[in-house]
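There are 2 protein chains.
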Amino acid sequence: MKAQKKSAPSNERLAEIYRAAAQIILRKGYDATSVNDIANALGMTKAGLYHYINGKKELLFDIMNFGLDELDEEVLTPAGSIEDTAARLRFIIASHARLVTRGQGAITILVDEMTALAPAQSRKITRRKRAYFDSLRDTLNELRAEGKLCDVDVTAAAFSLLGMINWLSRWHRQGGALTEEQAAEQIVKIALHGLLRAETSAPRRGLRVVKS
Amino acid sequence: MKAQKKSAPSNERLAEIYRAAAQIILRKGYDATSVNDIANALGMTKAGLYHYINGKKELLFDIMNFGLDELDEEVLTPAGSIEDTAARLRFIIASHARLVTRGQGAITILVDEMTALAPAQSRKITRRKRAYFDSLRDTLNELRAEGKLCDVDVTAAAFSLLGMINWLSRWHRQGGALTEEQAAEQIVKIALHGLLRAETSAPRRGLRVVKS
DNA sequence: ATAACAACCTACCGGACGGTCGGTAACATG
DNA sequence: CATGTTACCGACCGTCCGGTAGGTTGTTAT
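Top line first, the protein sequences correspond to chains C and A.
Our numbering numbers the first residue of the first sequence as 1 and each following residue consecutively.
Our numbering numbers the first residue of the second sequence as 1001 and each following residue consecutively.
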């Protein structure tokens, strides 16, 4: 009748478990990944793994929180000390992008497997994600107040940024044509300046806007 | 020993089934959706539904192809007859975005549930997706040849576009602050011109470029 | 009338999966 | 050497799910 939590055994091993689990879940999806799969990847049996975890859902929940911790530490906190707003936005995009390409898993899982959580867990994760989203949007609002933002909806802009960044995990491969740094740089460029060349100097053969 | 395919019964009902299944799968995920869930949503039993489908995976495969058909018909084919390259790009982005926000499901499932397919099916879908991606990239290359594209990697640009567009399904809600049209328009704006104000005509109170 | 078929149903099967139980071997502590 | 604790394992359980077998009902074709 003890409601005790089993007490965290060896924080070191636990991190290994999270990392291994994240990688497999990322590749096969949460539902398609059995607890056995994760255990075997760690050279264990299922019962052995259950020594460390309290259930499959709770494992997922922990991994997600781990990912959000990374996001806070490597993106939001450092960004907080950047005064210049445009530079701060640039940093957020680039460092978040790097986290997606470099880290294997935890953050991307955040994005894909929300439905697998229990309602209470889902609410907590959603709240943390919301906090991140809000500070991104705040930066955009600040930019607007300074007159540096284009005429776009800040919410749509913030989501579009996240879309570009999170999508990275689906196409960027290590050892591909673009390094992690280059990929992050490309995202920054596209997000801040768009794809089309600004038609400032010497209108080249008269571009027309075609509607419909 | 008949290898016969059971022959498609009533093309009408089949479309209803695809649509209902797509909605549920979109909400709960493929693995978490049981065949029973889909059957019940259609007012049937599982065995009843199996009169129409040949298996859960094949149903998913069919839905994905249905989504790709939509994409071809409503985006790629009309786009093919637009001469002006920039206008074509604009059209592709906007119409694809509208398809994501308006249609409920088939296209988004394409994106999320690839791992659930059998290898042979997965290859076929990947090939079709690849074809779509290539024509998007072709448009960008054409734009580059015309000197209208910024200095960005075309592959990264194409993927970033898809990221923004596909992400729409995660945040845009019917009846929300932005209509489908407005959301699509925002995506187009951000993708083509970026977030930061171009510092061309009449520097409004002295905008500076901030580096680093 | 009856044959034929589509469109379902109830009942069931085999297997996989999450999770548990009762161990055991290794090692540390006193 | 006794005791406790950590880190596992083999065997097992209940449940749920994809899929099937075989029947029933309603409609159409001849």
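Don't be surprised by glycine CBs; every beta carbon is placed ideally from N, CA and C.
Keep in mind the model is a prediction, meaning the values are calculated, not measured.
What is the C-beta distance between residue i and residue j, in whole angstroms, given that I count them as a contact (C-beta under 8 Å)?
i        : j        : result
V1152(A) : N1141(A) : No, V1152(A) and N1141(A) are not in contact; Cβ-Cβ is about 12 Å, not under 8 Å.
K56(C)   : V35(C)   : 6 Å
S160(C)  : L76(C)   : Incorrect: roughly 19 Å between the Cβ atoms, too far for contact.
L168(C)  : A183(C)  : 6 Å
I1082(A) : I1165(A) : Incorrect: roughly 18 Å between the Cβ atoms, too far for contact.
A1198(A) : A198(C)  : 5 Å
G163(C)  : G1163(A) : 4 Å
A32(C)   : T1115(A) : 6 Å
I1024(A) : D1037(A) : 6 Å
Taking the beta carbon of residue i as the centre, do at least 16 other beta carbons fall within 10 Å, making it buried, or is it exposed?
i        : result
Q174(C)  : exposed
E1181(A) : exposed
T139(C)  : buried
S7(C)    : Note that S7(C) has pLDDT 48, beneath the 50 cutoff, so the model's placement of it is unreliable and the number below is only indicative. So S7(C) counts as exposed.
R205(C)  : Unreliable placement is indicated for R205(C), whose pLDDT of 47 sits below 50; no coordinate value is reported for it.
K5(C)    : Confidence at K5(C) is low in this model, with a pLDDT of 39, below 50, so its placement is unreliable and no value can be given for it.
A22(C)   : buried
T45(C)   : exposed
R88(C)   : buried
T1126(A) : exposed
V210(C)  : No answer about V210(C) holds up, because its pLDDT of 46 lies below 50 and its placement is not dependable.
A1047(A) : exposed
A1003(A) : Here A1003(A) scores only 33 on pLDDT, less than 50, and its place in the model is too uncertain to base an answer on.
H51(C)   : exposed
M1001(A) : Note that M1001(A) scores 33 on pLDDT, short of 50, meaning its location in the model is unreliable; the coordinates nonetheless yield the value given after this. Classification for M1001(A): exposed.
A1202(A) : In this predicted model, A1202(A) has a pLDDT of only 44, less than 50, meaning its place in the structure is not dependable; the value taken from the coordinates is given anyway. That one is exposed.
Using a C-beta to C-beta distance shorter than 8 Å, which residues of chain C count as neighbours of residue i?
i        : result
K1189(A) : C150, D151 and V152
G1048(A) : Going along chain C, no residue has its Cβ under 8 Å from G1048(A), so there is no contact; the nearest lies around 25 Å.
A1183(A) : A156
D1112(A) : D112
Please name the residue, chosen from the options, that lies closest to residue i on a Cα-to-Cα basis.
i        : options                                   : result
A1158(A) : K46(C), G194(C) and N54(C)                : G194(C)
E1113(A) : K1028(A), L1076(A) and D1084(A)           : K1028(A)
I1109(A) : A1087(A), E1016(A), Y1030(A) and Q1182(A) : Y1030(A)
A1177(A) : L99(C), L192(C) and A156(C)               : A156(C)
I1107(A) : A1097(A), T1115(A) and A1116(A)           : A1097(A)
M64(C)   : A79(C), A118(C), Y50(C) and R88(C)        : A118(C)
S1095(A) : A1086(A), P1078(A) and K1046(A)           : P1078(A)
R19(C)   : C150(C), T179(C), L162(C) and R102(C)     : R102(C)
C1150(A) : Q186(C), C150(C) and S169(C)              : Q186(C)
D1069(A) : T1179(A), A1015(A), A1198(A) and E1146(A) : A1015(A)
G84(C)   : I24(C), A145(C) and L71(C)                : Rather than Gly, the amino acid found at residue 84(C) in this sequence is Asp. The option with the nearest alpha carbon to D84(C) is A145(C).
G43(C)   : V111(C), R13(C) and S122(C)               : R13(C)
Q1121(A) : A1039(A), K1189(A) and L1060(A)           : L1060(A)
K124(C)  : A86(C), R137(C), D62(C) and F91(C)        : D62(C)
D1072(A) : R1170(A), K1129(A) and I1024(A)           : K1129(A)
L49(C)   : I24(C), G80(C) and I17(C)                 : I17(C)
L196(C)  : E1074(A), A1039(A) and G1147(A)           : G1147(A)
F133(C)  : T1179(A), W1171(A) and A1086(A)           : W1171(A)
V188(C)  : N11(C), G80(C) and A86(C)                 : A86(C)
T1179(A) : G1080(A), F1091(A), L1143(A) and L1099(A) : L1099(A)
Look up residue i in the DSSP assignment and give the residues it is bridged to.
i       : result
L236(C) : The structure shown does not extend to residue 236(C), since chain C is modelled only from 1 through 212, so no value can be given for it.
Taking C-beta pairs closer than 8 Å, name the residues in chain A that residue i reaches, listed in chain order.
i       : result
Q186(C) : V1152, D1153, A1156, A1157 and S1160
So with CB distances below 7 Å, who are the chain C contacts of residue i?
i        : result
M1164(A) : S160, G163 and M164
T1115(A) : K28, G29 and A32
L1178(A) : D153 and A156
Starting from the beta carbon of residue i, find every residue of chain A whose beta carbon is closer than 7 Å, and list them in chain order.
i       : result
H193(C) : C1150, G1194 and L1196
Can you name the residues of chain A whose CB is closer than 9 Å to the CB of residue i?
i      : result
L71(C) : Those within 9 Å of L71(C) in chain A number zero; the least Cβ separation is about 17 Å.
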